[in-house]
Every structure is written in C-alpha cells, then in structure tokens.
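**Student:**
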Amino acid sequence: MSNSSSPSTRPMRLAKQGAYETMSNVLGLSRSHHKVSQSVSGNGSSVSVNPRALDEILDSNNPSVSAVAQSRSQKRKSPNDSEVVFTTPKRGRPAGRGRGRPPNRPVLDKEASLYFLIKEGKAALIQVADDWIEHYQKDADLAVMDLIQFFISSTGCKGIVTLNDIRTDDFSQLIRKMTEDFDEDSGDYPIIIAGLQWKKFRRNFCDFVKTLIKQCQYSVIYDQYLMDIIISLLTGLADSQVRAFRHTATLAAMKVMTALVEIAVRLSQSLASVSKQFETERTKQRKGNQRIEALMQKKHEYSENKDEIINMLDYIFKSVFVHRYRDSVPEIRSLCVTELGEWILNFPEHFLDDSHLKYVGWTLYDKVGEVRLRCLQTLLPLYQEEQFAPRLELFTNKFKTNIFVMQVRLVSMVLDKENETAVLAVKLVTCMQRHFPALLVARDNEMVYELIYSVHRGLALAAGEFLLQQLFNVKTPGRTRSQQECKATNKSVIRDLVQFHKESKLHEHAAYLVDSLYDSNDLLKDWTAMTELLLHGDDKQPLDREDESLLIDIMACSVREAATGEPPIARSVNKKYVTQKEHKQVQDDQARLTEHFAEHLPVLLQKFTANQRDLENLLTIVQRFNIEVYGAAHYLNHLNALVKCLEEIFERHADEELLGTCSRTYECLCSEKLPVHVRPLVTGSTLIDLTMLKLRQEIQQFNTVDGALDEEDIVTLITSMRRIEALHQCHDLSKWDVWDLIFPIVKQRQEYAVPPNPEMMRLSVKTCYWSLLWALKAIADGQSFEDSIPKLKQQFQQFCTCCRELMESPVNETAEMAYLILCDLLLIFGWSLPERNEELTALVFEADQSLEDQLEQFVRRKVFVDDAAQAGDVTDEEAEIVKTHRRRIYLAAFCKLVVFGVVTVASAVHIFKNYVTFQSDFGDIIRVLLNRCRESDKMGWAKTMIRALCALYQETVSELDPENRDKISDAIYVVHELAKRFAMSFGSDPTKTREAIVTLHREGIDFACAADLNTATGKAPRDLPFLEALNELSNRLLKQDKRIVLNYLNRHFSGVRVGVDGEWQPLITYRNSLVESEDEAALMPPPPLPPPLISATVNKGQVPPPLSLTPSMKTILKPDVSSPFVPVAASSFLTRRTARTGTTVDTLMEVDFEEELLFEIFYVSFAVVQLNGFLAKMENQRRFWKKILHGNEKPEERPRRLASNGGEWSISKMENK
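Residue numbering for the sequence shown follows full-length UniProt numbering, starting at 1 and increasing by one per position.
(1) Please name the residue, chosen from A1029, F351, S516, A1010, that lies closest to F1053 on a Cα-to-Cα basis.
(2) What does the alpha-carbon distance come out to for the pair D1023 and M939?
(3) By how many angstroms is the C-alpha of R176 removed from the C-alpha of L29?
(4) By Cβ distance, which residues of its chain are closer than 7 Å to T421, with the 5 residues on each side in sequence left out?
(5) Could you give the first and the last residue of the continuous alpha helix (DSSP H) run that contains Q620?
(6) Check whether the stretch 535-554 and the stretch 497-512 are in contact - that is, three or more C-beta pairs closer than 8 Å.
(7) Would you identify the three-state DSSP class for R749, choosing helix, strand or coil?
(8) Check whether the stretch 330-350 touches the stretch 259-279, counting contact only when three or more Cβ pairs, one atom from each stretch, lie closer than 8 Å.
(9) Label D614 either buried or exposed according to how many other C-beta atoms from any shown protein chain fall within 10 Å of its C-beta, with 16 as the threshold for buried.
(10) Does Y302 pass the burial test, meaning 16 or more other C-beta atoms within 10 Å, or should it be called exposed?
(11) Quick check: what's the CA-CA separation for E599 versus P758?
(12) Can you tell me whether DSSP reads L534 as helix, strand or coil?
(13) Alpha carbon to alpha carbon, how far is L226 from T162? Give it in angstroms, no decimals.
(14) Return the CA-CA distance between C216 and P990, expressed in angstroms with no decimal places.
(15) For the putative contact between L451 and V426, defined by C-beta atoms under 8 Å, what is the C-beta separation to the nearest angstrom?
(16) What number of angstroms, rounded off, separates the C-alpha of E813 from the C-alpha of Y769?
(17) Using three-state DSSP, classify R326 as helix, strand or coil.
(18) Just to confirm my understanding: we take A194, look at its own chain, exclude 5 residues before and 5 after, and list those with CB closer than 6 Å. What are they?
(19) Do the stretch 661-677 and the stretch 698-717 meet, that is, are 3 or more Cβ pairs less than 8 Å apart?
(20) Keeping to the same chain, check which residues put their C-beta closer than 8 Å to that of H728; ignore five residues upstream and five downstream.
(21) Counting pairs of Cβ atoms below 8 Å between the stretch 320-334 and the stretch 297-311, do you hit three or more?
(22) Out of I997, P1025, T564, which has the shortest C-alpha to C-alpha gap to Q1040?
(23) Determine the contact status of residue 1219 and A244, defining contact as a CB-CB distance below 8 Å.
(24) Helix, strand or coil for S671, going by three-state DSSP, please let me know.
(25) Closest to A1029 by C-alpha separation, out of S988, N1050, L1046, F1007, would be which residue?
(26) Rounded to whole angstroms, what is the Cα-Cα separation between R560 and E532?
(27) Quick one: Cα of L1037 to Cα of A563, how far?
(28) So, under 8 Å CB-CB, residue 1218 and S154 are touching, yes? Tell me the CB distance rounded to an integer number of Å.
(29) Is V902 near L826, with beta carbons less than 8 Å apart?
(30) Would you call the stretch 509-519 and the stretch 440-459 touching, i.e. three or more CB-CB distances under 8 Å?
(31) Measuring only the C-alpha atoms, how far is V882 from Q797?
(32) Is it the case that the Cβ atoms of R804 and Q750 are separated by a distance below 8 Å?
(33) Alpha carbon to alpha carbon, how far is K284 from A249?
(34) Nearest-angstrom Cα distance between D787 and C800?
(35) Buried or exposed, going by whether 16 or more other CB atoms sit within 10 Å of the CB of W831?
(36) On a Cα-Cα basis, can you pick out the residue from L517, T993, N1047 that is closest to G458?
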C-alpha cells in the first residue's frame, strides 16, 4: 500500500513505537540508549518491534519516578531478543543543523523571543505557534532552547539558557543554575504581578501553551523528542523550592494536560467514527475490499495515538499534579483543582473515577476559602449532568459529611468573600439530593433550611431552591402542566409553605422567605390560589386563624416584590441599573396583580376587618396598584367598595399604625394618576369631613371643662386626634384650620386645671409638626398669600419654644417626641432652605448656643447611658434591643444637625469622646459623622477631636485615687484607643489634612503643658501622660510637619530641667515619634547630670570602689543601642574598649583604676556637652574625643582602626565641621 498522503492525513502515518518510547525520554534518558538500525527499501517503510507494555508501570499502586525511569529505559527487543530493527522511520527527531560545532548561545533578540511576543501580545498566538513549529522542524535544538528560555523567563528569572544546557540527560543542572540567577527578594513573578499588563500576560501564557500543543498534534507531538523535553523540564521546575518556578511550571503543566485532553477527546471521537464505519463496511462482506483495510489501518493508528496521549496524561498527572495539589501555596492548589475539573468534564471516560475524584474530596478540607471554592466549582458541573450520577455515588457517600461541615463553617463566618463558597455548597447539596434522594437525613436538611432567612441573598436563593425541591417536591419549570393541575399543586405547596413558615418561628420575616423562593418558581405569583385559600379554605386541610394571618403576610410580601422588583432592605443588591427585560417583567406583574386584587381585595378586607395586622398587610397591596386600571367601567364598583372599606376601617379602629397605613392607601387613591372621571368617587368621600367635625366638637368640650374630662371622653378624644394626625401625614388639612385647633393645647398646657394627657400632648405636637410642613410646602409651591411667610415664621418660633420646654418634661415619651421633631424642623428650616426658593430666606432659623447646649445635654442623658451599671446583671434582651434602636435614632438626629451645619462641630465633643466606649452600639454612626465633618470643616473637626481626647483623659484621671496618680499611664488605655480610632479617620491622603493634624498636635501639647510647668523645680506637668495618647497620631504627620510640631514642643520646654525618670517618659516617647534625624534629637533638652561614678578621691595605687551601674545606665552605655542621647563617638569608644579587653558593660566594674577614671571623665564630659548644646560645642567635643581616644595612636594605624570599628563616619564628620 502506498504511504503517500496529504498533510491532513499525516497523523495516520505515525509509527506505533512512539507511544512506548516517549515516556523514556520524559524521564531524561539519553536517546543513545536505544539501539536502532535503519534501512531503506523502496517507497515503503516497515517496523519490526516487540515493545514491552507500560500498563503495569502506570497502574502500579506506588509509582515512583525512578522505578518508571528504570522500566522505561530498557531497550526495545525484536522477536529474537536481539535488537530493534527499523527501516525508514515514520517519525523521529527532525533533522539537525548540519556540520560544524554550533555556538553555545546565539545572539538573543529580545524582541523576537517567545517571551517578548507573548508578553507584548503583538502577534496572534496561532501564528506564533506555527512559526515556532516551522523553526523546530528546521532546527530542533535551537527551537527547543527558545521554548525553554520562554518558560524560564516566564518565571521572572533573568538567566540565559544555552545549547549545552539542553543536551544533558536531565534538567537538574539547568534548574540549579537558574535558581542561582533568580532573585527571590521581591516575591513577585510575572503570573501573579498585579496590573492589566501582567494579567494579560498570564492569559496569553496559558493560551499559548495550549495553542502550541494543539498545533503540534498534526506534526511533531509524537516525535519522541519535543514532548519529552517539555514534560521533563516542567516536572523538574514544578519540584523546585523556588515558588516562582514551581507555580509557573505547574500552571504550564496543567495547561499542557488540558490541551492533551482536548487532543485525546478528538482522537476518541475519530476512533468511534472510524470504528462505526469499519463495522458498517464489514457487514457488506465484500472480498478484497480496500476500504476495510484503510479503515482498519486508521482505526489502529487512532488507537495508538490515543494510547500515547493517555500515557503522557498519566505521567504528568502522577509526576506533577499528585505533588502540587497539596502545595503550600494556595494559588497552586486552586490551579490544580480547577484544571482537574476541566479534565473530568471534558474527558470523563478517563478521569471520572474515584482515583481522580478523591483529590477533589481531600481538598474540600483545605483551610483557604478560595481553594474550597474551586473544589465546589469543580464538583457542581459534574452533579448537574444526569449521565455522571451513577459514577459519582461512591464519592458522594464518602465526602457528603465534609461538604456539610464546610458549609456550616462558611455560613458562620461574617466575611463576605466566603459567601460565594457557601452558595456553591448549598447548590451542590441540592444537586446531590436530586440524584440521591435517600442521601440526606432530617438533620442535614435543617442545616440548609436555616439559610432561607440569611441576609446574603445568593445564599438564601440557593437554600430556597433546595427547600422547593426537598420539602415541597417542586421542580423547576420543565414539562407543561394543565391549568387545573397547576392550581391544585400550587394550593398544596402554598399550604405547606405556610406550615413551614409557622414552624420556623420567624413570623416577622416573611419578606425574606418570599424573596428566597421568588426567583426559583412562579409559585408566589399565584395570587389566585392564595385568594381562594383565604376566601374558601381547603377541603383536605383547612387553614386555622394563625395560618390565614401568615398567608396574608406572605401574599402581601410577594405583591410588594412583584410590583417593585426589589428584595428586602437587608438583602439589597448593588445593581447600577435595571435592565429593560426586568422593567417589563415588573410592569406585567403589577398589571396582573392589580387586575386580580382590584376585584377581590374589598372582599378580603371585609372578611378580615377585625384583625389589625391582616388589615395592614391587605391595605399595603393597594399601594402597589396601577391606579389607571380603575378607568375601566367594570372596576368602578370595586373602587367604590374599596373606598367604603377604608371609611369603615377609620371608624372602627384606633391603632396608630393601622390608621397611618389607611391614610397612605387613601392618598394612593387620590393620586393624579387616577382617571378624572372616577376621582369624585374618592374625593367625594366624607372621611376627612366627618373626622374633623368630630374632633372639633371634642376639643371644644375639652376646653369648656378646662381639661377635666372623664376617662371615656379622654379615650374618645385621643382616638380622634390619632385619626387626624394619621390623615395629616398624607393630606393637607390647612383649610380645616388644624393649627388653630391643636396648637393651643400645646401652648396652654400648663393653664388647664387638669394637664393634658401625655398621649394627647404627643399627638398634638406631631399634628402641629405636619401643619408647619404643609404650610411650608404651600409657600414653596407658590400657593400662599402675602402674610403666609410672617405667619409661618411666627408659628415656627412659637412651636420651637414649646418643644424646648417639652424636652425637659419628666414624661419620656413627650420629651423624646419633642426632641425628634425639633431636630427635624431645625434641619428643614436651616441654611439650605433658600436653595429651593429664594422667598424662603426669611424663614431660615439659626440655632443659638443655648439651643445647641440643650440638644447636647439631651443626647448625654438619653443616648450615652450605661444601663448595665444601673440595672445590674438582670436585663431583658428584647427590651435592650428596643432601647438601643431608639437611642440610635436620637443620636442620628443630632448627628444630622452637625453634618449639615445646623449646629457647630464643637457640639459633638461628647459624641466623639464616647466613640470607643459605645463602639458596639453607635460606632457606625459616629464613624460616618467623623468622615462627614472632615469633609465639611477640617479645622473644626480636628479641634473637636483633640477636645474629645482631653475630656476623656480628664474624666479618666479624675476617677483615679490620688494615691494611684503615678499609674496614670496604665489607666488611660481608653484614651489611646480613641486616639487610634481618630488616626484612622484621617483618610489615605495626608496632604489634605495637614493643617488639621498640626493644629490637633499643637492643642494637645498646650493641654499637656498647661498646668504646673515650672522651670525652676524641674517637676513634670500633671497632664504630661496625655502626650502618650497624642503619640498615636504622630504617624499622620508629614515629615516636614513633624519638624514644625517638634519645634513647637521644644519651645514649651525651653529652659526646663527635663529628667530621665518615669514622670518625663511620656515627653521622651512623644518627642521620639517626631524625630526624623540625630540632629533633631540633639535639640532635645538634655537629662540632668547623673551622680558621679567615683565619689571619693583616689590616690595612686589605691584600689577603687566597685563600679555600680543601674539598668538604665547600662542601656544608655550599650554600644549597640541606638539612642538620640548617645553620640556616635561614645559608641565608638565602647566598641573599641570592649573589643580590646573582651569585657562588656556588665563587667566594667572589674577594670583597672586608670580605665575606670577614663570612663568617669568620658561620661561627665558627655553630660556637660549635652547641657550646653550639641551644635554649639561640636568643635570642643571633637578635640576632646580625639585626645582621649586617639592620643597615643600612630598615624598609619588610624585608617585601619576606623575601618574596623565603624567609627569612620562620626569622627570624619566631626573633623570636617
């Protein structure tokens, strides 16, 4: 048979010996080990070979590189066991480069190198790969050298590869050489460096490796040389101690395997196709059919090529993956698991078994969340494929527990980055349950059910899908069902859903339950089924009263989400925009719910009119209506019935929240969107008229009896006031003169014989508040009269006066309401009022100092209170939560006044002071206040912070016993913490707050030095420990600003006798934080002169007394201690002295008399120089040290001595000056 063929059929002619010989070269064995003799005969080629099978080696239980190498390096034998005999090989190593000794390394053209081309991305990857293959076919050694250089350069190594490096049996010497040339100090290498350029390089690197391998599959991949070199190099680099080598080589090896997997898949497909054709031709039973022979040859060649590729895959897997999937670097572990998932998904016939899946299961225990995430991303696509389920059963039973344990651990974390892993864990459990229904027990299910109410929306949605599948047996939309079947199924599921919500005991969080299930199924949009259950019940299992209430709550929440398309507040998703499809879906849902509830809602309101909570939920449905639908004639009766229901609810109920909901619903019906021809049905209602008439009569009666109403009349009056206050929130009642009717009760409250009820006062204040706002709106809209502005200004001032009086009321409810309303009015009538309308300038109200102080005192009394200290250990957790919530509201109201400039920043001193103490309750509010104040008034913000620090310091010190005042430094840790929090609020750009931070330090220094600073006594100021706290803010100063603050500090202590004992330590510590050089250190006032080391006169020959050194003196005198008070020459002296005698500072007491006296002179002279100023006495000091240290030294010994003891810098500098 002729062997001539087209290039497309070139792979068919590849010899079968490649599958067996490739692996021996992978292990670095010399190609000369094989004895090959070639002979050419005619146009054909033949191979006589009896290869040893490698299956036993690859499938061994404990493979090792050495064993495989030894097995693979054995010579191939012919049938007579002599040698392998070849004739004209089908493939082999490409032709060499010709005669002559090639140079060690050609001139490297960086711009033509593979690394440069891939890094810059200036050429198509396929073209680069094809060019390299063409180069390889011309000169294999040079091409391989360039490829190896590419891999080495991609690791960040600057080493150069030569031809001699690639001609060895293995690459250990090359890797050792490259390791020596590699600089690991930076810690970065190309594939992990941040930046768009390097991210692009990593992507191009991976794509090029895969492209190169795939482009080689039709030419040189089976030549027993190229793949051997690549795999040997990458295996060696992946086993290196250098992280860059290991990571880059592992990435390349994994991408090589991915490309080989794709080649193997294509070969499998081709083999299956050829096998099918072969079987078809064989059934024809024709003799001498040449097509059968051709198909048989193709089938044989495809099979051999596939076996060879699989051999490569197995070897790379065992030599690289098995070692690197447990690497110490998390990125390498993630890489291995991710690529394994690709191999299993693309080539399941080889990789989808327990021997490969076990590595994914083991990695589920990884401590790094990113690695666990990659494991789940690997497993999830496998479980989503139905055909893989039988082969995953063993793995599922083995690793099920770990998936659940991991999921619970992740859910318990508060880190956002772990939520994605938890979501995938729930999705994986859902898929596992779908394939293996008996896998999970009730306890496992409950772990997922609890996530339904999670704040993280993705996690809740995943748990909701699991709930629908597991508990309700609801499948995602698939086959089409009849309408009757859907209705019956939905009724049953809705009833079960109500029961689930009831057993969860989280009845106030129905919105979270609805949101968790909303996207998984259209069940919650079946309002028809819900309405039928509420109106007609269920024959199989009737709903009780609690079930009906829960169903109404669920239905109202589903209507809200359908009409708005928004999740609950805590689950808000940061979406920049709503797509057109989503907007269209919301509009369709809103139209559908309006058509349904416009007809059935009045009936529901009448049935549940006795239950307050049910009425609130049902009335909120009206607020989601598309009101324009009432323009249709057949909806007029329904609208009329709805208005009558509202009137009945107003007359029957007195709950404030229900009345407010009813008022907002009535406002929606009065909207301008309502068609004109049906508006009289709403506006013609007598709801407001009758309510106002009744209230006017009751107030007249109250004024007539001078407030002495009986209890029943008081309740009736309060009920009427609640209704009017609720209506006044959403409707302008100015034409009914509500202000003139209600405000006298507030103003003349003390003139009544019987003071008004506290509830009456609270409702009166709120009603007056709404009246002022409606009057302001009328003026802003141009609907006022000439005297409207003066009248409103007078009303506002009178009302503010009353609110300030009510803030001091002993009744907490009244005082708190007055405070909140006054804060809102001050904000509304503040300096920003004229921005909307210049005519409103006359209404601007500026708070005076007395009002600021009153508001601040209220915050002190009501917000920053330690209830635990007052009430003891017994506290009601729920009541404490309610109290904290109310206090947050009070604090936020005052903070808004500070942020918008209604009150000065200085009034927030007490708030700043309690930042650390009340961090858990109000930390987020105070943090926002700090940032907003920094943006609006930097100087005032800085001064307020330093005053807060001073106030907290004084408060802390005042609580100390006078006997323990020496322990101030230990007691002011809370001041340190507050200073640290303040330091973090300065932002990332210190240049924007330069002046503010300098001002803060100056005022802090003034405070610390304000008291008891006496230059004569040398006693430290009382508040000097405050500088320790101020030290926490020194790192926010720029270098030049530190010098300014240092000079300011030195001016305060000029002429002061500063000591080195404990009371001066805060000053020394703070000053050291400002010092940037030794010259600045010399500007510090010196410590006092120490007592003489030798107190008595010693005659010649007399033994001196023992030299005793205190620990502080030893610290100063140690030559290795860097202290601003020790000149470098002193360190030079001690170094020279200890080096010559072998003694240390601790053994100086044992030296002879002359050296003892010399040391005495040194120390005293040093102290004198410090007292007179280092800069002024530099020349005298230089001469003194030169005489003592080098007086008997020969000139030729001086350079050698300076170089040995490190004193060159100090002595030469002193001599130059």
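Glycine included, each C-beta is placed from N, C-alpha and C at the ideal position.
**Tutor:** In this structure, then:
(1) By alpha-carbon distance to F1053, the top candidate from A1029, F351, S516, A1010 is A1010.
(2) If you take the alpha carbons of D1023 and M939, they lie about 24 Å apart.
(3) Unreliable positioning characterises L29 in this predicted model, as indicated by a pLDDT of 36, which lies under 50. A coordinate reading is not provided.
(4) If we look at T421 and ignore the five residues flanking it on each side, its Cβ neighbours are G369, R372, L373, L376, L410.
(5) The sequence given here places Thr at residue 620; Gln does not occur at that position. In the DSSP annotation of this structure, the continuous segment of the alpha helix (DSSP H) that includes T620 starts and ends at 612-622.
(6) Flag = yes, the stretch 535-554 and the stretch 497-512 touch.
(7) Here R749 sits in coil by DSSP.
(8) As far as the Cβ criterion goes, the stretch 330-350 touches the stretch 259-279, which means the pair count is three or higher.
(9) The residue in question, D614, is buried, as its Cβ has 16 or more Cβ neighbours within 10 Å.
(10) Flag for Y302 reads buried.
(11) If you take the alpha carbons of E599 and P758, they lie about 43 Å apart.
(12) Here DSSP, grouped into helix, strand and coil, assigns L534 to helix.
(13) In a straight line, the C-alpha of T162 is about 17 Å away from that of L226.
(14) Each residue's Cα considered, the two are about 57 Å apart.
(15) 6 Å between Cβ atoms; contact.
(16) So the alpha carbons of these two residues sit roughly 16 Å apart.
(17) Reduced to three states, the DSSP call for R326 is coil.
(18) Same-chain partners within the cutoff: there are none.
(19) Too few Cβ pairs lie closer than 8 Å, so no.
(20) Within the same chain, H728 has close Cβ partners V738, T767, W770, S771, W774.
(21) Here the stretch 320-334 does not lie against the stretch 297-311, with fewer than 3 beta-carbon pairs under 8 Å apart.
(22) That would be I997, whose Cα lies nearest to the Cα of Q1040.
(23) A query on residue 1219 cannot be resolved here, the shown segment of the chain reaching from 1 to 1217 and no further.
(24) Residue state, collapsed to three classes: coil.
(25) If we check each option's Cα against that of A1029, F1007 comes out closest.
(26) So the alpha carbons of these two residues sit roughly 20 Å apart.
(27) One C-alpha to the other measures close to 53 Å.
(28) There is simply no residue 1218 to check, as the chain begins at 1 and stops at 1217 in what is shown.
(29) Cβ distance < 8 Å, so V902 and L826 count as in contact.
(30) Counting Cβ pairs under 8 Å, three or more are found: they touch.
(31) Inter-residue distance for V882 and Q797 is about 33 Å (C-alpha atoms, whole angstroms).
(32) Cβ atoms of R804 and Q750: not closer than 8 Å.
(33) About 52 Å.
(34) Rounded to whole angstroms, D787 to C800 spans 20 Å at the Cα level.
(35) Exposed, since its Cβ has fewer than 16 Cβ neighbours within 10 Å.
(36) The option with the nearest alpha carbon to G458 is L517.
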